[in-house]
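Protein chains in written order, with my numbering: chain F, 4 to 429; chain X, 358 to 783.
Working notes, structure below.
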């Protein structure tokens, strides 16, 4: 595998050559500082761009065009990464050796059309697609409460810190929909092209020189982009007490989220000992939480911990019986304390290291993981794969315990059966 | 070992051990990871069979195959399989469906040791009254987790109303009452009846050599396999149990589900041919490139839409399920039924979709999981891997497709509408 990065002024081109795949994947990333009032519009825009172009005027025609190009797959996603909104457009298609000569270039042209030749009239998007997407988003946003696991996660983060970017709902807000117009979307679109920092990744069995030529010919962004600050949020202060929030919905199983703040972690601690800490605590099927809360006390089917490193946050998520809430919270806190006291074995650390290192071994078996790995180096400034492997092997028990002492429970959130809402302190 | 070619692009090996265990190996030196699946033809619908204890036809509690899947991880020596695989950074898990149970491990290292242990732990489970009781709490939480999901509730009702005799009437997890009454003895009876080499199979894909895999498999102890499995034959009538039902739950956007029953004999096609033609009809009539979908988009009728054609090995009935989230349930049901009455598909459309499917078959080989799971599905659906699917696709034609459309008798169906409860929880 070979990797090369080229700074082309208005964007950076990342080329990854590997013979492990029969496809080529092109991913265009846009990132900028996240703003709550713009998130809904960004989602709207991305949906709209994948609906039609100036030449291909309906989603049906666009789907047919993709199929004609040997099932070229076009997709787009929006996500929040710390302080950033990160939007990506992905094209994936078999390389020409399995289709026909020139097919890939036609696919690139289609991706160009999606990004640079939108279906607009003057300085506004076409109203037909606008109305379709608006209706779709309205129902999707309204329905976000149907998935109570996801909803409970959103509500927990909103309660952790309503003023922080970590509380921003990546999918957007229904109350913002009416403020969005075909003209405001066009303005947002131009702003995205002109102001967002852009990275283009191409991965597959590619020739670097030829690919650079093809990409620079097709993707010509006109403006130079500045760095957008840091993705990682500012360090949180240590919570003075554990807050408890109980919300009610019509549901059978109680959704429990214990939100912990990661207070004062260094970059090294965040990227290395924290990873092992999380695997041991709740990041695998062999974790302390899984063994105790599920296997020993039969309190849940699923329990896991998830570190949101850029947010300085670690979430412990479980579905529990309502009557088991106190016992589950007590046991989670007990496991957190045991981590601080170092009540885990060297074998646990070795297993966590193996688990982590194995995840690197499979990165090269996935185009998406390879791209993401290099993109995170770019965006979060994390070490390269080889350095990560080397440093992770050296992490000690003391370092994990030090991280454990900086994990502070901030909020115990539950979404339970029945109605009404209250907030109390413990 | 028989050497076979998968779509003339990948070599796979097949071996049947003297005890009847079928082994399918798909080594791929370009990969870093491997997936090993140990499967058994025993799922939630295998509920009535001759008990090895009483030698009489016995009806077992619903959900017992899934319960057994959980308990197979229990070992007499106290070693936890999750912990064993974690030592080498590998993942292990299991899943139960209507007609099968699979245990699988996914890793990058210790291939021989992990494969050996996968076979060992499945072949030597250990049940006690205590560990069976403990599991009930975990499974009931899994059951409650699904019970809170409207899509799950809808599917459960659809199955209940579509089938009269088939045990698909009941969800894979079983009913709450049945889960509570499962005993250690019943689990052993199911285990000894179905977990036997001639009713099981191994599928391995990815980074390993066929020689080392077979060397490991041949040294293992397998359960005794002298009696044949005698199950109650269930004849499912073509008529649904109930034609229409309304489910009121916590949805914001209404949902609809349609279930159709077909008499397989009427089509006069092989299992695979029928699946391919039916999927082609559904894709071109209701998929992204169809007029139906474009109109539905323009009229803002739906936010999600899907369909599923189910093969049922050795059974007389075939089923088609269709699902949608829609703001206008009745209008959409009429639109679907009307569309079914007026299906016309051109040669051009057929050829385009063939190109898409052939591309997908080639791309599938880029990922170990895809290869392993495709082989698994073939063994479940057709009792052997389909080696020349691409050839089948190439041979598809309009004459046969039109014949299938002509033979589609849509009169045996059930409809479930999912509407918002009167009580609102905002």
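Idealized CB from N, CA, C, for every residue including glycine.
{"Item": "I want to see whether chain F comes within less than 8 Å of residue 568/X, judged by CB atoms only; does it?", "Value": "no"}
{"Item": "Measure from the alpha carbon of residue 865/X to the alpha carbon of each residue in 556/X, 635/X, 681/X and 626/X, then state which is nearest.", "Value": "This structure leaves residue 865/X out entirely; chain X is present only between 358 and 783."}
{"Item": "So with Cβ pairs under 8 Å, would you call residue 468/X a contact of chain F?", "Value": "no"}
{"Item": "Which residues share a DSSP beta bridge with residue 414/X?", "Value": "407/X"}
{"Item": "Along the segment 47–76 of chain F, what residues have a CB closer than 7 Å to any CB found in chain X?", "Value": "61, 62, 63, 66, 67, 70, 71, 73 and 74"}
{"Item": "Could you please tell me which residues of the segment 505–531 of chain X, in chain order, have their CB closer than 7 Å to any CB of chain F?", "Value": "505 and 507"}
{"Item": "Going by other Cβ atoms of all chains shown within 10 Å of its Cβ, with 16 needed for buried, is residue 420/F buried or exposed?", "Value": "exposed"}
{"Item": "List, in order along the chain, the chain X residues whose C-beta lies closer than 9 Å to that of residue 324/F?", "Value": "494, 497, 498 and 501"}
{"Item": "Rounded to the nearest angstrom, what separates residue 469/X and residue 767/X at their Cα positions?", "Value": "51 Å"}
{"Item": "Going by CA-CA distance only, name the one from 484/X, 417/X, 459/X and 698/X that's closest to residue 435/X.", "Value": "484/X"}
{"Item": "Give a yes or no on whether 8 Å exceeds the smallest Cβ distance from residue 479/X to chain F.", "Value": "no"}
{"Item": "Tell me, please, whether the segment 356–363 of chain F touches the segment 4–12 of chain F by the rule of three or more beta-carbon pairs shorter than 8 Å.", "Value": "no"}
{"Item": "Give a yes or no on whether the C-beta atoms belonging to residue 203/F and residue 16/F are separated by under 8 Å.", "Value": "yes"}
{"Item": "For a test of the three-state rule: what should DSSP assign to residue 767/X, helix, strand or coil?", "Value": "coil"}
{"Item": "Is there contact here, the segment 364–372 of chain X with the segment 729–749 of chain X, by at least three beta-carbon pairs under 8 Å?", "Value": "yes"}
{"Item": "Who pairs with residue 462/X in a beta bridge, going by DSSP?", "Value": "393/X and 449/X"}
{"Item": "Spell out whether any CB of chain F is found under 8 Å from the CB atom of residue 609/X.", "Value": "yes"}
{"Item": "With a cut-off of 8 Å, does the C-beta of residue 79/F fall near any C-beta of chain X?", "Value": "no"}
{"Item": "Considering only the beta carbon of each residue, do residue 388/X and residue 570/X sit closer than 8 Å?", "Value": "no"}
{"Item": "Which of the three DSSP states, helix, strand or coil, is assigned to residue 162/F?", "Value": "helix"}
{"Item": "I'd like the list of long-range same chain contacts for residue 578/X, defined as Cβ closer than 7 Å, with 5 residues on each side in sequence excluded.", "Value": "480"}
{"Item": "Output, in chain order, the set of chain X residues within a Cβ distance shorter than 8 Å of residue 434/F.", "Value": "Given a span of 4 to 429 for chain F in the structure shown, any question on residue 434/F remains unanswerable."}
{"Item": "Nearest by alpha-carbon distance to residue 252/F: which of 48/F, 292/F and 150/F is it?", "Value": "150/F"}
{"Item": "Pairs of beta-carbons, one from the segment 189–204 of chain F and one from the segment 105–114 of chain F, closer than 8 Å: are there three or more?", "Value": "no"}
{"Item": "From the DSSP output, in three-state form, read off residue 195/F for me.", "Value": "helix"}
{"Item": "Flag this pair as yes or no: are the beta carbons of residue 596/X and residue 769/X separated by less than 8 Å?", "Value": "yes"}
{"Item": "Specify the secondary structure class of residue 781/X as computed by DSSP and reduced to three states.", "Value": "No answer about residue 781/X holds up, because its pLDDT of 47 lies below 50 and its placement is not dependable."}
{"Item": "Which full runs of the beta strand (DSSP E) of 3+ residues lie inside the segment 333–371 of chain F, going along the chain?", "Value": "none"}
{"Item": "Could you name the residues of chain F that residue 650/X contacts, counting a contact when the two beta carbons are closer than 9 Å?", "Value": "62, 63 and 66"}
{"Item": "Which residues bound the alpha helix (DSSP H) around residue 416/F?", "Value": "Counting along the chain, residue 416/F falls outside any alpha helix (DSSP H), though it belongs to the beta strand (DSSP E) covering 410–419."}
{"Item": "Name the residues in the segment 273–294 of chain F whose C-beta lies less than 7 Å from a C-beta of chain X; which are they?", "Value": "287, 288 and 289"}
{"Item": "Return helix, strand or coil for residue 9/F, following the three-state DSSP convention.", "Value": "strand"}
{"Item": "What does residue 297/F touch in chain X if you count any residue whose Cβ is under 8 Å from its own?", "Value": "495"}
{"Item": "So what's residue 294/F in DSSP terms, helix, strand or just coil?", "Value": "helix"}
{"Item": "Does the Cβ-Cβ distance between residue 259/F and residue 321/F come in under 8 Å?", "Value": "yes"}
{"Item": "How is residue 123/F classed by DSSP in three states: helix, strand or coil?", "Value": "strand"}
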